[in-house]
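**Student:** The structure that follows is given in the form of structure tokens.
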Amino acid sequence: GFSILQAIMEAAVQNNWQVTARSVGNIKDVQEFRRIIEEMDRRQEKRYLIDCEVERINTILEQVVILGKHSRGYHYMLANLGFTDILLERVMHGGANVTGFQIVNNENPMVQQFIQRWVRLDEREFPEAKNAPLKYTSALTHDAILVIAEAFRYLRRQRVDVSRRGSAGDCLANPAVPWSQGIDIERALKMVQVQGMTGNIQFDTYGRRTNYTIDVYEMKVTGSRKAGYWNEYERFVPFSDQQISNDSASSENRTIVVTTILESPYVMYKKNHEQLEGNERYEGYCVDLAYEIAKHVRIKYKLSIVGDGKYGARDPETKIWNGMVGELVYGRADIAVAPLTITLVREEVIDFSKPFMSLGISIMIKKPQKSKPGVFSFLDPLAYEIWMCIVFAYIGVSVVLFLVSRFSPYEWHLEDNNEEPRDPQSPPDPPNEFGIFNSLWFSLGAFMQQGCDISPRSLSGRIVGGVWWFFTLIIISSYTANLAAFLTVERMVSPIESAEDLAKQTEIAYGTLDSGSTKEFFRVSTL
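Numbering (my numbering), first residue to last: 76 to 602.
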């Protein structure tokens, strides 16, 4: 409550801390809690002290997971005396550091005896006894009744009759007049010293509990563990000796879990891997590297292929890591030996060694195969649309030339009388040389640059013919130049020279490895 807040503020002044206090009214109001978290993020605050009852703490931690604030780098201290009563499973998988306090020692014989009696309660009278675990509030209630009973036993031994009717007190008087029997009961309560479910119980002259011990817990990915204890004389005492002994234990008795990923030529299965066991099933550069490192530092290790087959990326919504990075962050592996790219985001949660290989982002594309020219390869220098336009232009010019010759009087001529007489049975010569077939023949000869034995006589016909000749000159010259290049030089259908060229085209499908550094680069890059 406010007493804890006041103590924190006083300690903040002495230690030059920056403390921001926020009161959460309706914890089920997601928008209110989101507003508080976003405000803390803008202030770059990642250390939270949560002081409320267990039910509200569970609701707060649920919102923390939804907002993705349970990743590594966040530290939550729960100012509550029932750390084991709090639901920490979802927060545990995020990698955040959680510290709390526990006043009930489950290893206490009195606690174990009470739990056994608790489980054996009649289900008809206490239907939820077996399903509901023992909470610290229940233990405090038990100890409170125990203290009251012990106080009245003390009064009985002192032959103080609290059952007799004494003078009633007056709380509204100035000064207040206490109840005459209340003074005896207060003195008896201060004299109590018993062992309860929460440890040693005794009080000072002011009625405050003294000489008690609170266990300090911290959450790891494998679960919660006791990190030390606190009392008013020694203050916080960490289990440093035990921790040092555990960390400095002989590495020969511990097997290091090395996570890796199947990626040729770094890590591969041997051909006969089904007949082998353990690390002998794998081969590759990283396998040899792990073997040499283990031999140098004299440790035992076990290669473990990452389950999801990913290198490691953080989900933008849940902020949870996957792949090999997730294995390291959440403690499922000790070391990663793999072709894992060093990125700024990954360096925030894991440590990297010196890289054994330096590579950049490259685009790989299949090299086009050289093929022999086909039967219709002579059509390749010009596009399909251009060939269709040439055909339509050829037909159109022929028709225009035919019509111009029909309407122009200069294309009509009389028969020559000096010519030899013809057979009366033979058809007469046409008075106009540019019929439809001759017009088509003239246009084709001009297009093939072979010429023709007839030519237009009228001005309009010569203009049409001249335009057609100029058009064929340009087309044939361009075609000849492109044909030589197409027959001698290999040409890709869609050349890719940069990432921009790759993004502009649609013929070639492209992508990046899921949960890899390249995908993350293109996702956040503004280049």
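We put the beta carbon where it would ideally sit given N, CA and C, even for glycine.
Bear in mind the structure is a predicted one, so any value in this text is a computation, not a measurement.
From glutamate 169 to methionine 84, what does the alpha carbon distance come to, in whole angstroms?
**Tutor:** Looking at the sequence itself, residue 169 is glycine, so the reference to glutamate does not match. Rounded to the nearest angstrom, the two C-alpha atoms are 30 Å apart.
**Student:** Please give me, in chain order, every unbroken run of the beta strand (DSSP E) with length at least 3 that falls completely inside the region 308-391.
**Tutor:** Segments of the beta strand (DSSP E) lying fully in the region 308-391: 310-313, 330-335, 375-380.
**Student:** Terminal residues of the continuous beta strand (DSSP E) containing methionine 152?
**Tutor:** From DSSP, the beta strand (DSSP E) with methionine 152 extends over 150-153.
**Student:** For glutamine 138, is the classification buried or exposed, using 16 other Cβ atoms within 10 angstroms of its Cβ as the cut-off for buried?
**Tutor:** It is buried - the Cβ of glutamine 138 has at least 16 other Cβ atoms within 10 Å.
**Student:** What runs of the beta strand (DSSP E), each 3 residues or longer, lie entirely inside the region 94-133?
**Tutor:** Listed in chain order, they are 122-125.
**Student:** Can you list, in chain order, the stretches of the beta strand (DSSP E) that have 3 or more residues and sit fully within the region 387-437?
**Tutor:** Entirely contained in the region 387-437, not one beta strand (DSSP E) run reaches 3 residues.
**Student:** On the three-state DSSP scale, how would you describe arginine 30?
**Tutor:** This structure gives no information on residue 30, because the portion of the chain shown stretches from 76 to 602.
**Student:** In terms of DSSP beta bridges, what is isoleucine 289 paired with?
**Tutor:** DSSP output for isoleucine 289 lists Trp305 as bridge partner(s).
**Student:** Hey, is the region 307-315 in contact with the region 371-391, meaning 3+ C-beta pairs nearer than 8 Å?
**Tutor:** The answer is no - the region 371-391 does not touch the region 307-315, with fewer than three Cβ pairs under 8 Å.
**Student:** Under the assumption that phenylalanine 546 contacts proline 531 (Cβ atoms under 8 Å), give the Cβ distance between them as a whole number of angstroms.
**Tutor:** Rounded, the Cβ-Cβ distance is 16 Å, inconsistent with contact.
**Student:** Got a sec: is the Cβ-Cβ distance from isoleucine 529 to anything in chain D below 8 Å?
**Tutor:** Among the chains of the structure shown, chain D does not appear; only one protein chain is present.
**Student:** Taking its Cβ as the centre, do 16 or more other Cβ atoms sit within 10 Å of aspartate 322, making it buried, or is it exposed?
**Tutor:** Summary for aspartate 322: the model assigns pLDDT 45, below 50, so the residue's position carries little reliability; its value from the coordinates is reported in the next sentence. Exposed is the call here.
**Student:** Could you tell me if glutamine 177 is buried or exposed, where buried requires 16 or more neighbouring beta carbons within 10 angstroms of its beta carbon?
**Tutor:** The residue in question, glutamine 177, is buried, as its Cβ has 16 or more Cβ neighbours within 10 Å.
**Student:** Please state if the CB of threonine 587 and the CB of lysine 594 are separated by a distance shorter than 8 Å.
**Tutor:** Their beta carbons are under 8 Å apart, which means lysine 594 touches threonine 587 by this criterion.
**Student:** Could you compute how far the alpha carbon of isoleucine 368 sits from the alpha carbon of leucine 156?
**Tutor:** Rounded to the nearest angstrom, the two C-alpha atoms are 45 Å apart.
**Student:** Please name the residue in Trp92, Tyr229, Thr174, Lys121 whose C-alpha comes closest to that of serine 146.
**Tutor:** The candidate whose alpha carbon is nearest that of serine 146 is Lys121.
**Student:** Residues in its own chain within less than 8 Å of phenylalanine 477 by CB, not counting five upstream and five downstream?
**Tutor:** Excluding sequence neighbours, phenylalanine 477 sits near Phe509, Gly510, Ile511, Ser514.
**Student:** Take the Cβ of aspartate 197 as the centre, count every other Cβ of all protein chains shown within 10 Å, and call the residue buried at 16 or more, exposed below.
**Tutor:** It counts as exposed.
**Student:** Inspect the beta-carbon positions of tyrosine 376 and valine 333 and report whether they are closer than 8 Å.
**Tutor:** Contact: yes.
**Student:** If you count every other CB in all the chains shown that lies within 10 Å of the CB of tryptophan 92, and 16 or more means buried, which is it?
**Tutor:** Burial call: exposed.
**Student:** Taking the straight line between their C-alpha atoms, what separation do you get for lysine 441 and isoleucine 571?
**Tutor:** So the two alpha carbons sit approximately 11 Å from each other.
**Student:** Could you tell me whether the Cβ atoms of isoleucine 161 and asparagine 181 are closer together than 8 Å?
**Tutor:** Their beta carbons are not under 8 Å apart, which means isoleucine 161 does not touch asparagine 181 by this criterion.
**Student:** Span of the beta strand (DSSP E) holding valine 166?
**Tutor:** No beta strand (DSSP E) contains valine 166, which is instead part of the alpha helix (DSSP H) from 164-167.
**Student:** Am I right that serine 533 and tyrosine 485 are in contact with their C-beta atoms under 8 Å? What's the rounded C-beta distance?
**Tutor:** With 8 Å as the limit, serine 533 and tyrosine 485 qualify as a contact, their Cβ atoms being about 4 Å apart.
**Student:** With contact counted as at least three CB pairs below 8 Å, one residue from each stretch, are the region 256-268 and the region 225-239 in contact?
**Tutor:** Verdict: yes, contact present.
**Student:** If you draw a straight line from the C-alpha of isoleucine 538 to the C-alpha of glutamate 460, how long is it?
**Tutor:** Cα to Cα, the separation comes out at about 26 Å.
**Student:** Would a C-beta distance cut-off of 8 Å place aspartate 218 and isoleucine 276 closer than the cut-off?
**Tutor:** Yes, the Cβ-Cβ distance between aspartate 218 and isoleucine 276 is below 8 Å.
**Student:** Would you say methionine 126 and isoleucine 190 are within 8 Å of each other, going by their C-beta atoms?
**Tutor:** It should be pointed out that residue 126 corresponds to aspartate in this sequence rather than to methionine. No; because the gap between Cβ atoms is not below 8 Å, this pair is not in contact.
**Student:** Give the secondary structure of threonine 593 by DSSP, where H, G and I count as helix, E and B as strand, and everything else as coil.
**Tutor:** Reduced to three states, the DSSP call for threonine 593 is helix.
**Student:** Hey, leucine 518 and tyrosine 585 are a contact pair by Cβ (cut 8 Å); roughly how many whole angstroms apart?
**Tutor:** According to the sequence as given, residue 518 is serine; it is not leucine. Contact doesn't hold; Cβ gap of about 47 Å is too wide.
**Student:** Let me confirm a value: lysine 394 is counted as buried when at least 16 other C-beta atoms fall within 10 Å, else exposed. Which label applies?
**Tutor:** Flag for lysine 394 reads buried.
**Student:** For glutamine 106 and valine 94, what's the separation of their Cα atoms in angstroms?
**Tutor:** Glutamine 106 and valine 94: Cα-Cα distance of roughly 23 Å.
**Student:** Could you check which residue in Gly520, Val472, Ile141 has the C-alpha nearest to that of serine 535?
**Tutor:** It is Val472.
**Student:** Can you look up valine 252 in the DSSP assignment and give me helix, strand or coil?
**Tutor:** Residue state, collapsed to three classes: strand.
**Student:** Once DSSP output is grouped into helix, strand and coil, what is the label at phenylalanine 201?
**Tutor:** Coil.
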